[in-house]
Amino acid sequence: MIGSFRQSMTWLHTWAGLVFCWLLYFVFVTGTLGYFDTEIDHWMKPELASLDKAPIDTRIDTAMSHLEANAQGANRWFISFGETREEPYLRVFWQTPGETEDDPPENTNVTLDALSGEPLDDVARDTGGGQLLYRMHYVLHYIDSQIAFRFVGILTLFMFVGMITGIIAHKKIFKDFFTFRVKKGQRSWLDMHNLLSVTSLPFQLMIIYSGLLFVTILWMPLIAVGSVGFDTKKAGELLDLGGEKIEAAGTPAELTDVRAVLAHAEATWGEGSVERLNIYNPGDANARIEVSPATGIGLLPETHVYDGTTGELIDSPTLPSSGALSFASTMLGLHEGLFAGITLRWLYFLSGVLGTAMIATGAILWTSKRRKKAADEQQSRGFHFVEIMNIGTIMGVLIGVAAFFWANRLLPVSLESRADWEAHAMFIAWGLCLIYPLFRSRRAAWRDLTWLTAFAFAALPILNAATTNAGLLTSIGKGDWTMAGFDLTALGTGVVFAIAGLYLTKRGVTREVPSEQAAMEVAAS
Amino acid sequence: MVTAVDKVGRWHIASRVFAAVVPAFVLTNTTGIFLALASPAGEFQAIATSLVSAFAIYTVIILWIFSVKRLKTVWWGLLAGLVLTGSGSWLLYTFGANG
Chain A
78 MIGSFRQSMT WLHTWAGLVF CWLLYFVFVT GTLGYFDTEI DHWMKPELAS LDKAPIDTRI
138 DTAMSHLEAN AQGANRWFIS FGETREEPYL RVFWQTPGET EDDPPENTNV TLDALSGEPL
198 DDVARDTGGG QLLYRMHYVL HYIDSQIAFR FVGILTLFMF VGMITGIIAH KKIFKDFFTF
258 RVKKGQRSWL DMHNLLSVTS LPFQLMIIYS GLLFVTILWM PLIAVGSVGF DTKKAGELLD
318 LGGEKIEAAG TPAELTDVRA VLAHAEATWG EGSVERLNIY NPGDANARIE VSPATGIGLL
378 PETHVYDGTT GELIDSPTLP SSGALSFAST MLGLHEGLFA GITLRWLYFL SGVLGTAMIA
438 TGAILWTSKR RKKAADEQQS RGFHFVEIMN IGTIMGVLIG VAAFFWANRL LPVSLESRAD
498 WEAHAMFIAW GLCLIYPLFR SRRAAWRDLT WLTAFAFAAL PILNAATTNA GLLTSIGKGD
558 WTMAGFDLTA LGTGVVFAIA GLYLTKRGVT REVPSEQAAM EVAAS
Chain B
98 MVTAVDKVGR WHIASRVFAA VVPAFVLTNT TGIFLALASP AGEFQAIATS LVSAFAIYTV
158 IILWIFSVKR LKTVWWGLLA GLVLTGSGSW LLYTFGANG
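Keeping their order, the protein sequence lines are chains A and B. Read in order, the letters of the first sequence correspond to residues 78 to 602 in this note's numbering. Read in order, the letters of the second sequence correspond to residues 98 to 196 in this note's numbering.
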C-alpha cells in the first residue's frame, strides 16, 4: 500500500498495534495474573489460610450431604473434590431446571469446609479474588460479558495482525536480537521492543492464536452452518461435543454409593486421578454418574458413564477424533496452562510479563518516534492523547491492580457489595492515573507514577501483616508458601519499580534535554 | 508516517479498512465453507479444520489488502474471491458427495 511490501507491513504494524494497545495491555496484565488466580484467591481470603484438609471419603460425604439437603429437584449435581491447585476447596454445584421449558436453568455453586460442612462464603470475606482478575482478561468489567467476550476477540485479531506484521517489518529481527543500544532514546525503545518480542515470540503466537480459537465459533459460526447447507440444527448436532443427555424416568430410585463408583474409576486411571464428577438425574431411576480423569494439556478427556442406581459402568464415550480438534484442544489447553506445575507456571507468568512489556514498549516507541515532529508542528493533539494514555495506562493498570489488593485489606468486612468496591477501587485508581499526566510534565508524570507503583506493591506485605494474622513471617513459619509467595512477589515488583523510579529521578536531574547524539540519531532515522 | 498517509490519501486508507472489516470477513467465511466442502476428509474433520484455520485465513486476507499497491486490485481481488468461493461452495454442495 505504502512503498514496498515491508513498508506497508510496517504501517499496518504501527496502526493495528496502536488502536487497542491500552486495552490489550489491560488484557495482558490481568491475563498474566490469571496464571496465579488461585494463589491470589488464597491471599485475598486470608480467613481460609488455616483451613484443615480432609480425607477423600470425608469430602465425598460432606459434598453429598450438602447436595441432599439443598439440591433436591436439581437435574444435575456436580462435585469437585478440591485440594488441587485449580480447586483448593471442596465445591458442589447443582442445576435446577427453569419453571417452563424456556426459562434458563438456575445454577448454584458452593465451596465447603470439608470438615465442618460450612459454606466458605460464610467464613471468608466477600472478594472477587484472583478469579475476578482472571475473568477481566476475557470479559473485561462493567460490560455485558457476552458482548465483552466477542469484543476481546476483535482485540485479539488486532494483536495477531500486529504480531505477524511485526515479524515481517523487522527484517533483521533475529540478528537485531543481539543488538541493544542503551540510553539512545528511540533506538533503545526499538531494541527493547524487539528483544521482548523475539524472546517471547513462540509464547505470543500460541497465546494469541489460541485466544482466537476461543472465539472462533462465536465469530465464524457461518463456516460450520454453511458447510452443511445452512442447516443450523445439523451443524449444532455435529459440533455438540457434550454427548447425549439422558432424560429422567420420573420414578424415584436411590442413588448408588458414589464412593464405590469413584473407586472403580480410579482402578482404571489410578488413585487420585479423578478430581470431579457429575451426577445427572440424582434420585431418579435413570440417574447417571459421569467421571473423567484430570485433564492433561488437551481439554477433552475420556469419560466413564455409570448407571446411577446400580453403579455399573455402562459407557465410555470417546469424542470424534480429528486432527483439527486435537490441535484446537491442545492450543486451548496450552492457553489455560492448567497442567502447569509451579516452575512452568512461573515461566507462563514471565512470558506474560514479557508480552505485557512488549505492548508497553511498542506504545512508548510510537510516541518516541514522533516526539520531535509533534514538537515542531501545531497539530499534535493526537500525539498528546497517546502520550497521556501511555503514562496513565502503563502505570495506571498496575496501580489499579495494587489498589484492588489494598481495597481487599482495607474495606470493612461488613461493607455491602464489598467485592464490587474492590473492583471499583481498581478502576478509580486507573482513572486517576489517566488524569494525573494532564497536570504534570511527561517526565514528572512517568517518574511519580513509577514511584507510586513501587510503593503500592512494596507496601502490600506490610499492609497484609498489619491487617491479618497471615503476615509474611507467620506464613513462612507455617510453611504457607502460597501466601508468602504473594507477599514476596509484591515486594519484588515494588523493588523493580523502585529501581526504575531511581533511574527516572536521576535522569530528570542530569538530562533534562536528550543528549545531542540521541537527538541526531532520531533526526536521521 | 503522516506524509506517507497523505500521499495515498485518507479515503484510500478508509477504503482498505472497510475492505478488511466487511468483505474480507465474508470472504473468510466463504473460503472456510469452500475448503470444508472441498476437503476429502470426513464432514466433522473438514469443518473442524476450516474453523481452526479461519482466523489465519482472515489474517492473510487482511495482510494482502494492506500490501497490494493499487486499490482497484484490492476490490477486484475480493470480488473474485467471493464469487469463486461462493459459487464453488454452491457447486460442491449441490453436486458433491455431501449434497
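Glycine residues also receive a C-beta, built at the ideal position from the N, C-alpha and C atoms. The structure displayed is predicted, hence computed values, not measured ones.
In the DSSP assignment, find the unbroken beta strand (DSSP E) run with I366 (chain A) in it and report its ends.
Translated into positions along the first sequence, residue 366 (chain A) becomes position 289. Unbroken beta strand (DSSP E) run through I366 (chain A): 365-370.
For E183 (chain A), which beta-bridge partners are listed by DSSP?
Here residue 183 (chain A) refers to the residue found at position 106 of the first sequence. Note: E183 (chain A) sits in a beta bridge opposite A:T173.
Assign N147 (chain A) to one of three DSSP states: helix, strand, or coil.
Within the first sequence, the letter at position 70 stands for residue 147 (chain A). N147 (chain A): helix per DSSP, three-state reduction.
Restricting to Cα atoms, I'd like to know which of A:F460, A:T293, A:A201 is closest to L95 (chain A).
For the purposes of this step, residue 95 (chain A) is taken as residue 18 along the first sequence, with counting starting at 1. Among A:F460, A:T293, A:A201, the Cα nearest to that of L95 (chain A) belongs to A:F460.
Complete alpha helix (DSSP H) runs within the region 471-551 of chain A (minimum length 4 residues, chain order):
495-512, 519-535, 537-544
Name the one or two DSSP bridge partners that N467 (chain A) has.
Here residue 467 (chain A) corresponds to residue number 390 of the first sequence, with the count starting at 1. Note: N467 (chain A) sits in no beta bridge, so no partner.
When DSSP builds the beta bridges, which residues end up paired with S157 (chain A)?
Here residue 157 (chain A) corresponds to residue number 80 of the first sequence, with the count starting at 1. BP columns for S157 (chain A) point to A:R168, A:R353.
Can you tell me whether DSSP reads G196 (chain B) as helix, strand or coil?
Within the second sequence, numbered from 1, the residue matching residue 196 (chain B) stands at position 99. Note that G196 (chain B) has pLDDT 43, beneath the 50 cutoff, so the model's placement of it is unreliable and the number below is only indicative. In this structure, G196 (chain B) counts as coil in the three-state DSSP scheme.
Using beta-carbon positions only, say whether W154 (chain A) and A146 (chain A) come within less than 8 Å of one another.
For the purposes of this step, residue 154 (chain A) is taken as residue 77 along the first sequence, with counting starting at 1. For the purposes of this step, residue 146 (chain A) is taken as residue 69 along the first sequence, with counting starting at 1. Cβ atoms of W154 (chain A) and A146 (chain A): not closer than 8 Å.
Own chain partners of Y383 (chain A) with C-beta closer than 6 Å, once the 5 adjacent residues on each side are dropped:
The sequence position of residue 383 (chain A) within the first sequence is 306, counting from 1. Counting only Cβ-Cβ distances below 6 Å, and skipping sequence neighbours, we find V338, I366, L390.
Quick check on V229 (chain A): buried or exposed, where buried means 16 or more other Cβ atoms within 10 Å of its Cβ?
Here residue 229 (chain A) refers to the residue found at position 152 when the first sequence is read from its first residue. Its Cβ being crowded by 16 or more others within 10 Å, V229 (chain A) is buried.
At 7 Å on the CB atoms, spell out the chain A contacts of A151 (chain B), in chain order.
Mapped onto the second sequence, residue 151 (chain B) falls at position 54. Within chain A, the residues near A151 (chain B) are T293, M297, I300.
Beta carbon proximity, V165 (chain B) to chain A, threshold 8 Å:
Position 68 of the second sequence holds residue 165 (chain B). So, interface residue.
Suppose you measure from the CA of A535 (chain A) to the CA of T566 (chain A); what does that come to, to the nearest Å?
As a first step, residue 535 (chain A) must be located in the first sequence, where it is residue number 458. As a first step, residue 566 (chain A) must be located in the first sequence, where it is residue number 489. In a straight line, the C-alpha of A535 (chain A) is about 9 Å away from that of T566 (chain A).
Is the shortest distance between the beta-carbon of I130 (chain B) and the beta-carbons of chain A less than 8 Å?
Residue 130 (chain B) sits at position 33 when you count from the first residue of the second sequence. Closer than 8 Å: yes.
Alpha carbon to alpha carbon, how far is H109 (chain B) from L175 (chain B)? Give it in angstroms, no decimals.
The residue given as residue 175 (chain B) occupies position 78 in the second sequence. The residue given as residue 109 (chain B) occupies position 12 in the second sequence. Their Cα atoms are separated by approximately 16 Å.
Under the rule that 16 or more other beta-carbon atoms within 10 Å means buried, what is G159 (chain A), buried or exposed?
Position 82 of the first sequence, counted from the first residue, corresponds to residue 159 (chain A). G159 (chain A) should be labelled buried.
Check whether L110 (chain A) and L210 (chain A) have beta carbons under 8 Å apart
To locate residue 110 (chain A), count along the first sequence from 1; it is residue 33. To locate residue 210 (chain A), count along the first sequence from 1; it is residue 133. It is a contact, given that the beta carbons lie within the stated cut-off.
Proximity of G360 (chain A) and L332 (chain A) at Cβ, strictly below 8 Å
If you number the first sequence from 1, residue 360 (chain A) lands on position 283. If you number the first sequence from 1, residue 332 (chain A) lands on position 255. Result yes, Cβ atoms of G360 (chain A) and L332 (chain A) sit closer than 8 Å.
If you draw a straight line from the C-alpha of T173 (chain A) to the C-alpha of N358 (chain A), how long is it?
Taking the first residue of the first sequence as position 1, residue 173 (chain A) is located at position 96. Taking the first residue of the first sequence as position 1, residue 358 (chain A) is located at position 281. Cα-Cα distance, rounded: 10 Å.
Answer with yes or no whether the minimum CB distance from T605 (chain A) to chain B is below 8 Å.
One cannot answer for residue 605 (chain A) here, as it falls past the ends of chain A, which runs 78 to 602.
Using C-beta distances below 6 Å, list every residue in its chain close to R495 (chain A), excluding the 5 sequence neighbours before and after it, in chain order.
For the purposes of this step, residue 495 (chain A) is identified with residue 418 of the first sequence, where counting begins at 1. Here the set comprises D203, L488.
Since I300 (chain A) and F237 (chain A) are thought to touch, with beta carbons under 8 Å apart, how far apart are those beta carbons, to the nearest angstrom?
Taking the first sequence and counting its residues from 1, one reaches residue 300 (chain A) at position 223. Taking the first sequence and counting its residues from 1, one reaches residue 237 (chain A) at position 160. The pair is not a contact, with the Cβ atoms about 18 Å apart (cut-off 8 Å).
Residues of the region 445-468 of chain A in Cβ contact with chain B at a cutoff of 7 Å, in chain order, please.
none
So what does T188 (chain A) bridge to, in DSSP terms?
Here residue 188 (chain A) corresponds to residue number 111 of the first sequence, with the count starting at 1. T188 (chain A) pairs with A:R168.
Does the region 270-284 of chain A come close enough to the region 424-440 of chain A to have 3 or more Cβ pairs within less than 8 Å?
yes
Determine, using beta carbons only, whether L192 (chain A) and T135 (chain A) come nearer to each other than 8 Å.
Looking up residue 192 (chain A) in the first sequence gives position 115. Looking up residue 135 (chain A) in the first sequence gives position 58. Contact flag set, yes.
Please list the residues of the region 218-240 of chain A that have a C-beta atom closer than 8 Å to any C-beta atom in chain B, keeping them in chain order.
L234, F237, V238
By the three-class DSSP mapping on this structure, what secondary structure does Y286 (chain A) have?
Looking up residue 286 (chain A) in the first sequence gives position 209. Reduced to three states, the DSSP call for Y286 (chain A) is helix.
Distance, F103 (chain A) Cα to G606 (chain A) Cα:
In the structure as shown, chain A begins at 78 and stops at 602. Residue 606 (chain A) is therefore absent and cannot be evaluated.
Taking the beta carbon of Y580 (chain A) as the centre, do at least 16 other beta carbons fall within 10 Å, making it buried, or is it exposed?
Taking the first residue of the first sequence as 1, we reach residue 580 (chain A) at position 503. By the neighbour-count rule (16 or more Cβ atoms within 10 Å), Y580 (chain A) is not buried but exposed.
For R168 (chain A), collect the residues of the same chain with a Cβ closer than 6 Å to its Cβ; drop the 5 residues on either side in sequence, then sort them by chain order.
Taking the first sequence and counting its residues from 1, one reaches residue 168 (chain A) at position 91. S157, T188.
Taking contact to mean at least 3 C-beta pairs separated by less than 8 Å, is the region 180-191 of chain B in contact with the region 164-172 of chain B?
no
Between the Cα of K122 (chain A) and the Cα atoms of A:L515, A:F516, A:A484, which residue gives the shortest distance?
Position 45 of the first sequence, counted from the start, is the residue given in the question as residue 122 (chain A). Of the listed residues, the one whose Cα sits closest to K122 (chain A) is A:A484.
Alpha carbon to alpha carbon, what distance is there between D308 (chain A) and P298 (chain A)?
Here the question's residue 298 (chain A) lines up with position 221 in the first sequence. Here the question's residue 308 (chain A) lines up with position 231 in the first sequence. If I take the Cα positions, the gap works out to 12 Å.
Kindly indicate which three-state DSSP category P359 (chain A) falls into: helix, strand or coil?
The count along the first sequence starts at 1 and reaches residue 359 (chain A) at position 282. Coil at P359 (chain A), not helix or strand.
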